[in-house]
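Chains as they are written, first to last, in this note's numbering: chain A, 361 to 517; chain B, 361 to 517; chain C, 361 to 517; chain D, 361 to 517. No residue lacks a Cβ here, since even glycine has one placed at the ideal position from N, Cα and C.
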């Protein structure tokens with residue numbers, strides 16, 4: 361009778377970004393959804409919005425863990441909005457909720473999420489510029505990153 | 361293209377409880393799911409488990425916001441597990457994520473969730489013994505509570 | 361070589377209040393400081409500011425656990441500012457840091473702090489209107505409340 | 361009548377470490393205390409304990425922001441214990457409470473604190489091996505780090 365939980369992949373990256381990076385995030389979200397994964401992210405703009413858009417366009421489900429305490433702050437592609445009111449500390453919740461993490465380019469918020477992913481021993485696949493050691497799976501292509509994250513997440517189950 | 365978000369109802373109450381109270385929670389969860397709502401709760405045992413079980417048996421979706429940082433701590437009826445690692449402070453996230461809150465009997469943790477619901481101006485329907493003033497909708501029957509919460513949640517949208 | 365820690369008393373209550381209530385809070389803060397206690401509070405206005413002012417005028421030390429992430433938001437009577445950025449969830453930190461809690465009149469934020477104090481089994485002395493059961497020490501006079509809190513805090517050590 | 365707040369320096373680094381690193385932390389804590397600064401840290405072992413010990417031996421004041429919800433978990437050199445119960449998320453509070461941050465060698469927890477310091481635009485002086493870009497003041501000697509942190513903290517006021 362227990363529910364069969366779907367694989368959950370976190371996508372992290374810049375909250376404000378170029379159209380190019382947003383499209384890259386959309387390809388990651390799309391891959392995850394097409395392969396049965398649930399997307400979790402910070403629920404706001406930039407990479408978070410791109411990834412959620414891609415996932416929704418492929419018919420997937422999306423969860424957004426907001427820094428603010430207001431559901432209305434979520435981007436329009438989030439199915440389940442979790443408004444924490446905990447500011448940047450919500451980054452740690454995004455990562456903990458995932459079976460694997462894909463890091464796209466981003467700055468210090470992204471860096472904190474990568475640090476927490478490593479701390480929590482979550483599989484971490486990175487397309488970002490942060491070089492943080494051998495425990496990170498560094499790849500060039502965002503769809504490769506999504507694919508590898510789905511594989512690593514499944515292995516860990 | 362924006363997603364159509366479902367109504368989300370939080371069910372709060374004792375983490376350890378009698379079979380009678382657990383069954384009461386199950387009827388609340390069942391009503392929510394049968395009427396198109398998503399159940400959110402603290403993801404652990406007692407009322408949380410009862411409500412999630414009821415919702416799943418009616419084919420609904422369930423979200424659990426855990427106090428611990430380990431997904432494995434969730435009860436088996438939770439579809440989407442959010443392991444915060446924030447202890448009791450996760451109570452505030454449960455409440456903020458909901459469009460309305462149903463309070464079943466519980467002790468101080470439940471009281472904190474009712475306090476936060478009132479603070480956040482969320483519609484609060486209570487079957488609990490805590491009498492906290494006129495802003496709470498006090499009812500006797502748990503299914504009545506679920507029904508009223510769904511109505512108040514929809515009005516607020 | 362271990363430090364000798366001073367007794368820490370939390371004073372909670374309305375963030376916006378009358379001059380009368382603020383003066384009541386000041387008397388509580390003054391008593392705590394005069395008897396060797398450290399005052400901890402939410403660091404903002406109203407009761408928090410009154411209590412901190414009273415403690416400083418009696419030569420005491422004050423700690424403020426802010427909801428915001430900006431030290432500048434603290435009232436001017438706080439020696440040690442802890443800007444959490446966690447919003448209302450910081451209430452739980454205020455209570456956990458104390459050896460005993462004095463609750464002055466306040467609304468739902470105060471109620472949440474009383475709930476967390478009871479949950480954490482902290483001695484709780486209340487001058488507030490919230491009647492939450494026999495585990496609370498209900499008194500009329502604020503200085504009596506401070507005195508009793510200091511006594512209960514010391515017993516607990 | 362406003363209080364004159366002292367400069368607060370956060371020292372972050374490994375929670376478990378060699379005696380050599382602990383002694384390095386003690387020298388940092390000692391310098392801070394000798395120059396009128398207040399030490400803030402995560403309140404636990406390793407670098408946190410070393411830094412607090414150094415500060416106390418020089419007659420300073422120490423604040424510990426604990427991951428657990430139990431004051432008894434603090435090391436014995438902490439004057440003011442703030443037991444958050446928020447796990448690793450308390451790292452962000454340590455950093456936000458400081459006027460400048462000294463990072464000693466540490467692993468992913470330390471990395472998350474450095475990320476949050478950069479995000480919060482706190483002056484960050486590092487003796488650690490994490491190379492995270494030009495906004496960090498990288499030095500070799502721990503006492504140099506403490507000295508620079510005190511200077512940068514004062515400039516920022």
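The three-state reading of DSSP puts residue 502/B in helix, counting H, G and I together.
Taking a contact to require three or more Cβ pairs closer than 8 Å, the segment 409–418 of chain D and the segment 430–440 of chain D qualify as touching. Of the candidates 469/B, 460/B, 380/B, the residue whose Cα lies closest to the Cα of residue 431/A is 460/B. When DSSP states are grouped into helix, strand and coil, residue 457/C belongs to the coil group. For the options 509/B, 399/B, 498/B, 500/B, the alpha carbon positioned closest to that of residue 482/B is the one of 509/B. Contact between the segment 464–473 of chain D and the segment 493–504 of chain C is absent, with fewer than three C-beta pairs closer than 8 Å. Just so you know, the alpha carbons of residue 373/D and residue 486/D end up roughly 10 Å apart. When secondary structure is reduced to three states using DSSP, residue 385/D falls in the helix class. For residue 431/B, at least one C-beta of chain A is nearer than 9 Å to its own C-beta.
For residue 412/C, the uninterrupted alpha helix (DSSP H) run begins and ends at 407–417, by DSSP. Along the segment 431–463 of chain C, the positions whose C-beta sits under 7 Å from a C-beta of chain B are 448, 449, 452, read in chain order. Judged by DSSP in its simplified three-state form, residue 428/C adopts coil rather than helix or strand. Here residue 382/A is not near residue 403/A, since their CB atoms are 9 Å or more apart. In the DSSP assignment, the residues bridged to residue 422/A are 399/A. Beta-bridge analysis with DSSP links residue 370/D to 400/D, 461/D. Residue 450/A and residue 453/D have their C-alpha atoms spaced approximately 13 Å apart. In the three-state reduction of the DSSP assignment, residue 446/A falls in the coil class, being assigned neither a helical nor a strand state.
Taking a C-beta cut-off of 9 Å against chain D, the contacting residues of the segment 474–491 of chain C are 480, listed in chain order.
Between residue 446/D and residue 446/B, the C-beta gap is smaller than 9 Å, which places the two residues in contact. Put simply, of 397/C, 379/C, 378/C the residue whose alpha carbon is nearest the alpha carbon of residue 365/C is 397/C. In the structure shown, residue 492/D falls within a coil segment according to DSSP collapsed to helix, strand and coil.
When only Cα atoms are considered, residue 387/A and residue 362/B end up about 18 Å apart. Out of 444/C, 378/C, 380/C, the CA that lies nearest to the CA of residue 401/C is found in 444/C.
Chain C places a beta carbon closer than 9 Å to that of residue 469/B, counting this residue as a contact. Only exposed fits residue 501/B, as fewer than 16 other CB atoms lie within 10 angstroms of its CB. Taking all protein chains shown into account, residue 390/B has 16 or more neighbouring C-beta atoms within 10 Å of its C-beta and is therefore buried.
Listed in chain order, the non-local C-beta contacts of residue 441/C below 7 Å within the same chain comprise 403, 424, 426, 431, 434, local neighbours out to five positions each way being set aside. Nearest to residue 393/C by C-alpha distance, out of 506/C, 507/C, 498/C, 420/C, is 420/C. Rounded to the nearest angstrom, the gap between the Cα atoms of residue 498/B and residue 473/A is 42 Å.
Secondary structure note for residue 472/D: its alpha helix (DSSP H) is the uninterrupted segment 468–479. Residue burial is scored here from C-beta neighbours: residue 448/D has at least 16 other C-beta atoms within 10 angstroms and is therefore classed as buried. Assignment of beta-bridge partners to residue 484/C by DSSP yields 461/C.
With contacts defined by Cβ atoms closer than 9 Å, residue 370/C and residue 377/C do not form a contacting pair.
Along the segment 362–374 of chain D, the positions whose C-beta sits under 7 Å from a C-beta of chain C are 362, 363, 365, read in chain order. At a Cβ-Cβ threshold of 9 Å, residue 368/C and residue 489/C do not count as neighbours.
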